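Number of protein chains: 2
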Amino acid sequence: MSSSEQPLRRVLVTGGAGYIGSHVIYALQETRRYKVISVDNHHNSTPKSLVRVAQLARDNLPADASEHDRDSAEIDAHQCDLTKPDEVRRVFEKYGKGGIWGVVHIAAYKAVGESTEIPLTYYENNVSATVYLLQIMAEFDCTRMVYSSSATVYGTPPVIPIPETTRLQAESPYGKTKVMCETILGDLCAAEPSRWRAISLRYFNPAGAHPSGRIGEDPLGRPGNLLPLLAHMAVGRVKDSTLKVFGNDYPTPDGTCVRDYLHVLDLAKGHLLSLDALEPGSKVFDNCPTEARYKAYNLGKGRGMSVLQIVDAMRKATGFDFKYEIIGRRRGDVPDLTADPALAEKELGFTAPADLETMCRDLWNWQTKNPNGYDGPDATSA
Amino acid sequence: MSSSEQPLRRVLVTGGAGYIGSHVIYALQETRRYKVISVDNHHNSTPKSLVRVAQLARDNLPADASEHDRDSAEIDAHQCDLTKPDEVRRVFEKYGKGGIWGVVHIAAYKAVGESTEIPLTYYENNVSATVYLLQIMAEFDCTRMVYSSSATVYGTPPVIPIPETTRLQAESPYGKTKVMCETILGDLCAAEPSRWRAISLRYFNPAGAHPSGRIGEDPLGRPGNLLPLLAHMAVGRVKDSTLKVFGNDYPTPDGTCVRDYLHVLDLAKGHLLSLDALEPGSKVFDNCPTEARYKAYNLGKGRGMSVLQIVDAMRKATGFDFKYEIIGRRRGDVPDLTADPALAEKELGFTAPADLETMCRDLWNWQTKNPNGYDGPDATSA
Ligand SMILES: NC(=O)c1ccc[n+]([C@@H]2O[C@H](COP(=O)([O-])OP(=O)(O)OC[C@H]3O[C@@H](n4cnc5c(N)ncnc54)[C@H](O)[C@@H]3O)[C@@H](O)[C@H]2O)c1
Ligand SMILES: NC(=O)c1ccc[n+]([C@@H]2O[C@H](COP(=O)([O-])OP(=O)(O)OC[C@H]3O[C@@H](n4cnc5c(N)ncnc54)[C@H](O)[C@@H]3O)[C@@H](O)[C@H]2O)c1
Numbered sequence: 001m002s003s004s005e006q007p008l009r010r011v012l013v014t015g016g017a018g019y020i021g022s023h024v025i026y027a028l029q030e031t032r033r034y035k036v037i038s039v040d041n042h043h044n045s046t047p048k049s050l051v052r053v054a055q056l057a058r059d060n061l062p063a064d065a066s067e068h069d070r071d072s073a074e075i076d077a078h079q080c081d082l083t084k085p086d087e088v089r090r091v092f093e094k095y096g097k098g099g100i101w102g103v104v105h106i107a108a109y110k111a112v113g114e115s116t117e118i119p120l121t122y123y124e125n126n127v128s129a130t131v132y133l134l135q136i137m138a139e140f141d142c143t144r145m146v147y148s149s150s151a152t153v154y155g156t157p158p159v160i161p162i163p164e165t166t167r168l169q170a171e172s173p174y175g176k177t178k179v180m181c182e183t184i185l186g187d188l189c190a191a192e193p194s195r196w197r198a199i200s201l202r203y204f205n206p207a208g209a210h211p212s213g214r215i216g217e218d219p220l221g222r223p224g225n226l227l228p229l230l231a232h233m234a235v236g237r238v239k240d241s242t243l244k245v246f247g248n249d250y251p252t253p254d255g256t257c258v259r260d261y262l263h264v265l266d267l268a269k270g271h272l273l274s275l276d277a278l279e280p281g282s283k284v285f286d287n288c289p290t291e292a293r294y295k296a297y298n299l300g301k302g303r304g305m306s307v308l309q310i311v312d313a314m315r316k317a318t319g320f321d322f323k324y325e326i327i328g329r330r331r332g333d334v335p336d337l338t339a340d341p342a343l344a345e346k347e348l349g350f351t352a353p354a355d356l357e358t359m360c361r362d363l364w365n366w367q368t369k370n371p372n373g374y375d376g377p378d379a380t381s382a
Numbered sequence: 001m002s003s004s005e006q007p008l009r010r011v012l013v014t015g016g017a018g019y020i021g022s023h024v025i026y027a028l029q030e031t032r033r034y035k036v037i038s039v040d041n042h043h044n045s046t047p048k049s050l051v052r053v054a055q056l057a058r059d060n061l062p063a064d065a066s067e068h069d070r071d072s073a074e075i076d077a078h079q080c081d082l083t084k085p086d087e088v089r090r091v092f093e094k095y096g097k098g099g100i101w102g103v104v105h106i107a108a109y110k111a112v113g114e115s116t117e118i119p120l121t122y123y124e125n126n127v128s129a130t131v132y133l134l135q136i137m138a139e140f141d142c143t144r145m146v147y148s149s150s151a152t153v154y155g156t157p158p159v160i161p162i163p164e165t166t167r168l169q170a171e172s173p174y175g176k177t178k179v180m181c182e183t184i185l186g187d188l189c190a191a192e193p194s195r196w197r198a199i200s201l202r203y204f205n206p207a208g209a210h211p212s213g214r215i216g217e218d219p220l221g222r223p224g225n226l227l228p229l230l231a232h233m234a235v236g237r238v239k240d241s242t243l244k245v246f247g248n249d250y251p252t253p254d255g256t257c258v259r260d261y262l263h264v265l266d267l268a269k270g271h272l273l274s275l276d277a278l279e280p281g282s283k284v285f286d287n288c289p290t291e292a293r294y295k296a297y298n299l300g301k302g303r304g305m306s307v308l309q310i311v312d313a314m315r316k317a318t319g320f321d322f323k324y325e326i327i328g329r330r331r332g333d334v335p336d337l338t339a340d341p342a343l344a345e346k347e348l349g350f351t352a353p354a355d356l357e358t359m360c361r362d363l364w365n366w367q368t369k370n371p372n373g374y375d376g377p378d379a380t381s382a
């Protein structure tokens, strides 16, 4: 470790092997300031993603990298289920009291439809597991968390673009698990303001992949989200090749639903900024020392894109001539979910500069290099 | 079992040894229709209460009681912690699949102030434990629940008296645990409408005790609620004998806070009516078979009593000359929490006929016969 180097800061990432988790780990490693500990039960992911992220980090190192830097490129990965507190405790025990600086808590089940069918499973996995995690963190004097929330906490928002002050009124059990965890975090930070600090990040629609095409979104089964679905269609992984568009009579420019897409690497940077904001002396929290050190931020671009605009952008990126058919509205769909990202910009310095074209290009790069996701060989590895 | 007798219906009561739990068990046993299984970890109670309830039930039996009736007077009591799913599962295993008809889920931590200090403990004990309980119930095909909610779910309600349609906006972590459990129950019943049925009972202010004076409220330490505090003062168990009244400048008739007190035995009857409503063919649920079979009801009298009215009623009941002093408002106190009890009356047939005088008399009877609560001898036992 050269004299200019601070010791690596240990950050535990839950759900690190998933789509967003792997890109967050990438961003953490890119700084060479963190040592990443990953916890994932691979319910919806494969450990291969972690192998690839670490490889990317190693490839980024200069030939004469210090031991400190080389250490920052390795992940301490644990296959571990957050609903089993004993397994989680073992990870913390490895580092002892104060050994882990903070937690980026990304792991969750996330399928809205499924959550309406098996709500208890969602409440257990997303809420009870979070309560356990926080209790274990407290035991080990690890009292900083960045939490993966979602725009779905707003339900059908009364004002577009959506500011953080909007009342939370999630409609699905999935969305309600996010509201509950935010509530719990807020209460915890209020109870022990000199100890706990937490930030909830309300993700809008993360899209794209690392430009290397070595990590990306690899949904099991038919993709639930529009962009991965289009990528699977274009690459020939989806049988029925006609896209169903749910409703074109919404009060939006072209009548189809509007969402706020941001590049997953921009989103990942939001986590770095949030970790900085959790430090002592950060202007986010330390200007008002009597208040609870808890905040929630929208992470979005602040620009809405309609379903048809997305199809068009993917047509350009892939050259594939998507067929679509307009069918009736789908229950539970909200016409427009566009973020007001001003608060995150002002307080965290967050922006999401990558445009839709870049997102589509990076997604398509990932998809063509990995037509079967992580199941195939790492086409681009050295 | 005589030919007119139905087999006893097994109902599991959580928190059965506590104040409300013991009176609910009393009411269940009085019907001689139920076999009570009690689960309590005695965090805030003693098993002695269960011994006394069962004794009351036995004393109520005629000399020539049938075996069926004698069986209904015995409690199968388990010392068991709801945050430990293995312990709970063992109780269900004893009766096997379908062996327990339904659950009255009363156990919870309930101290508002404490919940702001140790919120995680409250979320674990009240929410995570409920998720576990519901999962274990599902495993054992036990899919009926009556749940102890609270008027505190309304926070500061916009309309008095409070109808059930009021938006839920609890202010303390304690109150939020109740909202979360109601939410989870609602989602579960919506997910499996042909399987699950549940009723949340939003208690207003239960007071009084069984008129025998053998069971009653026995708070550990200084009572948090007004009536038990007055009873402790009158019986000489509280050192500083001046009552602090928090604010007399509220927009209420005499300026002090107003609450809706109901007799704990009337409240207990509400649980019997709710169990009936969970039966197939009940008019509460089976008139609209496509909807989720989940409902929430206020249990209150629909009459508000101010702090000073309560002091006055207790003066009459005890003959004790309470000294009180008016001090400033207490943070978090809501001026008026009076129920609109119309829905429970209409759909469940619920009423709370006992008046304040009766509540104070029964409370005082319990307190004088048990100045040290369950720690003393059972003065009234045969
Ligand atoms: N992808 C989106 O569009 C989106 C939008 C808003 C919010 N979010 C939130 O972001 C987070 C990550 O989403 P994602 O798209 O990367 O999903 P993902 O499924 O790819 O990643 C989640 C990871 O968590 C793991 N996990 C789940 N339960 C676990 C448990 N009990 N123990 C250990 N690991 C567990 C999964 O195996 C998976 O690797 C989730 O909290 C999600 O709710 C995602
Ligand atoms: N008393 C009131 O004024 C009031 C008002 C509204 C709602 N409620 C609700 O009614 C219920 C009962 O209240 P009460 O006044 O009888 O309280 P209580 O403390 O007398 O009874 C609760 C019982 O639950 C048990 N318990 C708590 N956690 C447990 C766990 N993890 N495992 C097993 N047992 C556990 C306690 O030991 C206790 O015996 C609670 O849910 C409370 O929130 C009470």
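So the sequence lines, in the order shown, correspond to chains A and B. In terms of full-length UniProt numbering, the first sequence is residues 1 to 382. In terms of full-length UniProt numbering, the second sequence is residues 1 to 382. Glycine included, each C-beta is placed from N, C-alpha and C at the ideal position. Every value quoted in this text rests on a predicted model; they were computed, and no experiment measured them.
Query	Result
Exposed unless 16 or more other CB atoms sit within 10 angstroms - verdict on A:A382	Confidence at A:A382 is low in this model, with a pLDDT of 48, below 50, so the placement of that residue is unreliable and no value is reported for it.
Closer than 7 Å: B:H42 CB and nearest ligand 1 heavy atom	no
A:K369 - DSSP class collapsed to helix/strand/coil	helix
Residue from A:D286, A:C360, A:K84 and A:G300 whose Cα sits closest to the Cα of A:A234	A:C360
Chain A within 8 Å of B:S128, Cβ atoms only	yes
Cβ-Cβ separation, B:D333 to B:V258 (assumed contact under 8 Å), whole Å	Actually they do not touch by this definition, with Cβ atoms about 11 Å apart.
Touch test, the segment 114-129 of chain B against the segment 172-181 of chain B, Cβ-Cβ under 8 Å, three pairs minimum	yes
Contacts around A:A292, its chain only, beta-carbon distance under 7 Å, and the 5 residues preceding and following it disregarded	G186, C189, A190 and P193
is_contact[B:P173, chain A] using C-beta, thresh 8 Å	yes
Residue range of the unbroken alpha helix (DSSP H) whose run includes A:G270	V264 to A277
Three-state class that DSSP yields for B:N125 in the structure shown	helix
Sequence-distant residues of its chain with Cβ nearer than 7 Å to A:P251 (five each side left out)	P335
Interface residues of the segment 144-178 of chain B facing chain A [CB-CB below 7 Å]	P173 and K176
Partners in chain E for A:V131, counting only beta-carbon separations shorter than 8 Å	No chain E is part of this structure, whose protein chains are labelled A and B.
DSSP state of A:Y250 mapped onto helix, strand, coil	coil
Interface residues of the segment 99-118 of chain A facing chain B [CB-CB below 9 Å]	S115, T116, E117 and I118
Cβ-heavy atom distance, B:S150 to ligand 2, below 7 Å	yes
Distance between A:D69 and A:V104 (C-alpha atoms, nearest Å)	21 Å
beta-carbon B:L82 near ligand 2 non-hydrogen atom, thresh 7 Å	yes
7 Å Cβ shell around A:P119 - same chain, five flanking residues per side excluded	P173
DSSP-derived helix/strand/coil call for B:H42	coil
Neighbouring residues, chain B, relative to A:L134 (Cβ below 7 Å)	L120
B:S200 beta carbon near ligand 2 (any heavy atom closer than 7 Å)	no
When A:I160, A:T156 and A:T152 are compared against A:L201, the one with the closest alpha-carbon	A:T152
Selected residue, minimal CA-CA separation from B:L275, among B:I100, B:D40, B:R89 and B:E67	B:I100
Length of the line joining the Cα atoms of B:V238 and B:G221	9 Å
With 16 other Cβ atoms within 10 Å as the buried cut-off, status of A:D362	buried
Contacts around residue 384 of chain A, its chain only, beta-carbon distance under 7 Å, and the 5 residues preceding and following it disregarded	What the structure shows of chain A is the stretch from 1 to 382, and residue 384 of chain A is not part of that stretch, so it cannot be assessed.
Run of the beta strand (DSSP E) containing B:E74, from where it starts to where it stops	Where B:E74 is concerned, there is no enclosing beta strand (DSSP E), given that its DSSP letter is neither H nor E.
Per DSSP, the bridge partner or partners of B:K35	B:R10
Cβ-heavy atom distance, B:T338 to ligand 1, below 7 Å	no
For A:K110, the three-state DSSP class (helix, strand or coil)	coil
Same chain, Cβ closer than 6 Å to A:I326, neighbours up to 5 away in sequence not counted	V245 and N248
Anticipated Cβ contact below 8 Å, A:G18 with A:N44, distance rounded	6 Å
Any chain B beta carbon closer than 8 Å to A:A191	yes
Contact test: B:Y123 Cβ vs ligand 2 heavy atom, cutoff 7 Å	no
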